[in-house]
Amino acid sequence: MTGNVLWERDLPRNIGYAFDLKQGQSVRIRSQTIIDFVCFNRENLRERFDQARTKANQRKVFISTGDTLVSKLNNTMMTIVEDTFKDGHHDLQEGMCSRKRHELAAKRGMWEITYGRPLSEMPTHGCTENLGGILAPYGVALEDVPSPFNMFQHMIIHPDGELEHSKLRPKSPGAHVTLRAEMDLLVALSTCPDVTIGGSTGATLTVVA
Ligand SMILES: [Zn+2]
């Protein structure tokens, strides 16, 4: 990644974070946990990242270096300029984890089986609460947070259409993805509690001009 570093932040696991990114600036995200990533047109926060347009326009369900994030209004929002997660690929199928999602799994008796942990370790909140909370001051309602670009969430899609969660994640010290803003943006992300893997490692953001 080239350019002048404007700022850098270390983020703990299971929080939300939002920031402005000007057209032409880039953000590098280094992480070992899943990052639920969304962005909005800074001039019109109702224009947001769209999983469907991003997949349909590029005729693919996995995106990496050279690919773009596309808005619901079919504008290019960001370009992936670096991606060192070579062991796996990022997800564009899933939504966000949440307390409710965990409670539904527990109600079906699936939580402990799915995560291999006692119910007492169920997180009190997840990416839904993290992104909803961090975006509320911007006037973005929880219901309007788009399904994210789930970085470092290696998803296996079987030929019959079955989605399989994989435990594959970036190896220490974490892979990184760098995205360049193609318009002025509000960017928001959640460092997923990622109960499947556990641990406490968060992420590092670096923004360059
Ligand atoms: Zn999550």
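For the sequence shown, the numbering used here begins at -14 and goes up steadily by one. All C-beta atoms in this analysis are idealised placements derived from N, C-alpha and C, irrespective of residue type, glycine included.
One or two residues paired with residue i in a DSSP bridge
i	result
Ala188	Leu(-4) and Ser16
His161	Arg15
Val193	Val(-10) and Ser11
Residue i, enclosing beta strand (DSSP E) - first and last residue
i	result
Tyr2	Gly1 to Leu6
Arg31	Asn29 to Arg33
Glu79	It is not in any beta strand (DSSP E) - Glu79 carries neither H nor E in the DSSP assignment.
Near ligand 1: residue i beta-carbon under 7 Å from a heavy atom
i	result
Pro178	yes
Asp76	no
Cys24	no
Asp21	yes
Ser185	no
Gly146	no
Gly94	no
Gly80	no
Gly111	yes
Ser175	yes
Residue i, enclosing alpha helix (DSSP H) - first and last residue
i	result
Arg97	According to the sequence displayed, residue 97 carries Glu and not Arg. Unbroken alpha helix (DSSP H) run through Glu97: Trp96 to Tyr100.
Ile119	Cys112 to Leu120
Three-state secondary structure (DSSP) of residue i
i	result
Ala197	Residue 197 is absent from the model: the chain starts at -14 and stops at 194.
Thr181	coil
Leu58	coil
Thr109	coil
Glu149	strand
Closer than 8 Å to chain C by CB, residue i
i	result
Lys85	The structure shown has no chain C; it contains just one protein chain.
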